[in-house]
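Heads up, the thing below is written out as structure tokens.
In the UniProt record's numbering, the protein residues as written are 1 to 973.
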């Protein structure tokens, strides 16, 4: 029995004399401090995020403070509005960290699996690292709002105000931490966070007071942390010495209402007036924080989402279930797997669809600004010259930091910054950017693809969009099959890319470039992350591609002997970007070995030793070296016969000079494929991506159903003819508008961000026009948005007692346009800004401003004149105005009020024609329509104008997104 020791005596001896290996090498405290230090470094280095948060807090603090500047305490709705809005903004801004936290979770899984640290240490460190930002945000925002809005001028109340705000901010931060620990991915975490936020808002006690909440939902009021904060901050204000008095502003509340002024106004919002509730709030938030952190710990410790997500798309019927199933790649010893020698593709037999190209470069120099002093520059490449011939494989090698990838990026025109000088030539002619991008393929070290496609689809996409339109479709399909065979990918051809292994992704990266049938193929570390067999299979395939007449330029780091012998020539660089060797390698690197062995002080190549390893050791780039410091390899090469051969070659026609026999490489079109072909493949890829991303679209539909049911059950017995009911109904429209749009806005950020790197890679090779990518991302959203919104409206509309088919259709179309507008706004931010995290922060900032000026809180008629322009340009307010006018301002024939008899005549059946009941005396006798139009600015005769403006905003957002795709590149090389 292998599960038991062979000898109990030996086991006892071992236990007595051998020290057991601890599960963790650091104690809990040391581990937590180490993790805290790392987390603080990460936060400190994320300057765009810190700057974005600081900007958001300061701008919104000033905006809230000036909008509600020096409020009147008797306007309880305004006071509660600023407390409510400020609390939500400060606390729910923590949601912007969801994408980053979920991305960091993958690293946690890996390190926790190797017992780097305890889960508890990670949780504590993560929590403590949020304290500096939390405290700073609370101080800035809380101070601006408290003193400028006119809360009571008492230091004790001010400190209590800050303490409650901080605990709410910190506590809700822990709530979002639980989501990042427990949710499978960002596409599920985001809508759950939005749904939770909606519950916090509806049941906070502001939009619906405690007495109006249905009994079956009252428990939500008592567990919602925002309701505790709202209650505590209101008590701090109204039970202060300045307001908890009998006589205020000439009114004796003790006589008229039987209580103090402060208690009277608290009662209007069903808020408990005892000061002990402030203490209860502190206790509740502390318990809420500890509970959330405990749940986060349990989720990280016992639930991990590490299962591969890759699936296969079946193209034939089988006896198995038709659902997606996991696909696997055969191992190297599988009976059907190909070995390196078995991968035989008759590349040369295919009809040539490319022009052989010689790549030459003379005296290339590349410099970048010095980080410590941008006015000075660092030269990374120092006068590099060389060439690569058709049918040959040229290796770029050297130590780490020698400039191998930098040189290849410069030659391939992939650098986005720095200063470049020197010549790059194609067949002896000066190379232009279009020629370089059209005739070359570039395999990046990072394997970036549109992950919802299958491997076959990715190859087909590349073949049809990057091979010339004159090439027959049958030849393009043949090239796809050739790549699948060449790289041993037939068994995984119909596997979805998402979740593929490193080795599979590397093969796909090379295959995508080979499918384009380029004249020149650049490969950056094509064997990184691969085992010896896989590396040999791939490089054998590349060798066959070179034998077909293509030019191969490849950076490679310490290849095996078998792989190194496949190369024809070598450009060797030393650290600092200078040439050590250039020339033919010869059979089994004979020329290279002879060159170095002829140098004084260089030890001969040992028998059966890898020439690549020996060469790097000679110049000081290997593991061990004793001669590199004593010899100037750069000067030696400059004076060598190899350098003279290089100079002679660069003076030949067709290499370094134009030749009358070889025409200049010119392209009539910027891109190979026709516009309709680009549109077809991009729209198809987007449709496939959305169909294969159920967590995105099904989650959005599920959230729409949840919102519809929540609002419907809450407002199913609402009396919209009353003052309170109409305000609650308007709040319902406001919240449904806000959250339907924001869920789509937040969800689309991760989807658009995930596909953006693939767009950058494909744009760099002129695969397609950015316009057709824009068309694909535009069209794909429309059916999902209109379909999901139809489900939402069908549930929501009748439950909240709205009636009329025409109104239903208009409500559906308007809500669809609103969601479409917010979705396109999210895409716009992703295309314009450097990262998803920054896009999320700026999105929260912009939308927070828009939500403040949508015309609900404050109402349109109470917005300060200095901010009317913000109300005018707020996109969402036009959609909200349409919804409000459709259901509350529809009254073709308005009734007439008789001042003498105090009665109405000619009251129609429409809701908008009904007299408003229980209205304050100052409001007077008005109908639902009049109140809706006068207070909230939602006029029925402006419905079609608002539709036009909404569509105009959609068009503007799409045009800006198109400009972002065309001119903004956040990928820095």
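Note that CB positions come from ideal geometry on N, CA and C, so glycine has one too.
This one's a predicted model, so the numbers in the text were calculated from it and none came from an experiment.
Item, Value
"Span separating the alpha-carbon of residue 745 from that of residue 794", "22 Å"
"Cβ-based neighbour list, residue 340, same chain, cut-off 8 Å, excluding 5 preceding and 5 following", "Annotation note: pLDDT 37 at residue 340 (below 50); position unreliable, coordinate value reported separately. Closer than 8 Å at Cβ, skipping near neighbours: 533, 536, 537, 540."
"Burial state of residue 918 (16 or more Cβ within 10 Å)", "exposed"
"Residue of 862, 784, 81 minimising C-alpha distance to residue 230", "81"
"Cα-Cα separation, residue 568 to residue 584", "6 Å"
"Residue environment, residue 653, which counts as buried when at least 16 other CB atoms sit within 10 Å", "exposed"
"Best match in 188, 263, 77, 397 for proximity to residue 558 [C-alpha to C-alpha]", "397"
"Beta-carbon contacts of residue 636 that lie in its chain and below 8 Å, excluding the five residues immediately before and after", "599"
"Unbroken stretches of the alpha helix (DSSP H), 4 residues or longer, contained in the stretch 602–688", "611–618, 633–638, 641–650"
"Where residue 699 falls: helix, strand or coil (DSSP)", "helix"
"With 16 other Cβ atoms within 10 Å as the buried cut-off, status of residue 821", "buried"
"Contacts around residue 701, its chain only, beta-carbon distance under 7 Å, and the 5 residues preceding and following it disregarded", "788, 791"
"Exposed unless 16 or more other CB atoms sit within 10 angstroms - verdict on residue 940", "buried"
"Run of the alpha helix (DSSP H) containing residue 28, from where it starts to where it stops", "28–45"
"Endpoints, beta strand (DSSP E) assigned at residue 363", "359–369"
"Given residue 183 as reference, the closest of 848, 388, 305 once Cα atoms are compared", "305"
"Alpha-carbon to alpha-carbon, residue 442 and residue 359", "14 Å"
"Buried/exposed call for residue 458, threshold 16 Cβ in 10 Å", "buried"
"6 Å Cβ shell around residue 65 - same chain, five flanking residues per side excluded", "144, 145, 148, 149"
"Which of helix, strand or coil DSSP assigns to residue 415", "coil"
"With 16 other Cβ atoms within 10 Å as the buried cut-off, status of residue 614", "buried"
"Own chain residues within Cβ distance below 7 Å of residue 812, not counting five before or after", "789, 790, 793"
"Contiguous alpha helix (DSSP H) assignments of at least 4 residues, all confined to the stretch 745–816", "770–779, 781–799"
"Residue 524: first and last residue of the uninterrupted beta strand (DSSP E) it sits in", "520–524"
"Spatial distance of residue 283 from residue 771 (CA atoms)", "56 Å"
"Limits of the beta strand (DSSP E) - the one that residue 123 falls within", "Here residue 123 belongs to no beta strand (DSSP E); instead the alpha helix (DSSP H) covers 119–129."
"DSSP state of residue 891 mapped onto helix, strand, coil", "coil"
"Proximal residues to residue 13 (C-beta, below 8 Å), its chain only, five neighbours per side dropped", "none"
"Helix, strand or coil at residue 540 according to DSSP, with G and I counted as helix", "helix"
"Residue range of the beta strand (DSSP E) that includes residue 285", "Run containing residue 285: none in the beta strand (DSSP E); it sits in the alpha helix (DSSP H), 276–302."
"Run of the beta strand (DSSP E) containing residue 570, from where it starts to where it stops", "569–574"
"For residue 810, the nearest candidate out of 896, 769, 850, 947 (CA to CA)", "947"
"Three or more C-beta pairs below 8 Å linking the stretch 873–890 and the stretch 848–864", "yes"
"Helix, strand or coil at residue 397 according to DSSP, with G and I counted as helix", "strand"
"Cα-Cα separation between residue 825 and residue 450, rounded to whole angstroms", "22 Å"
"Within the stretch 217–261, ranges of the alpha helix (DSSP H) (whole runs, at least 4 residues)", "218–223, 225–238, 253–256"
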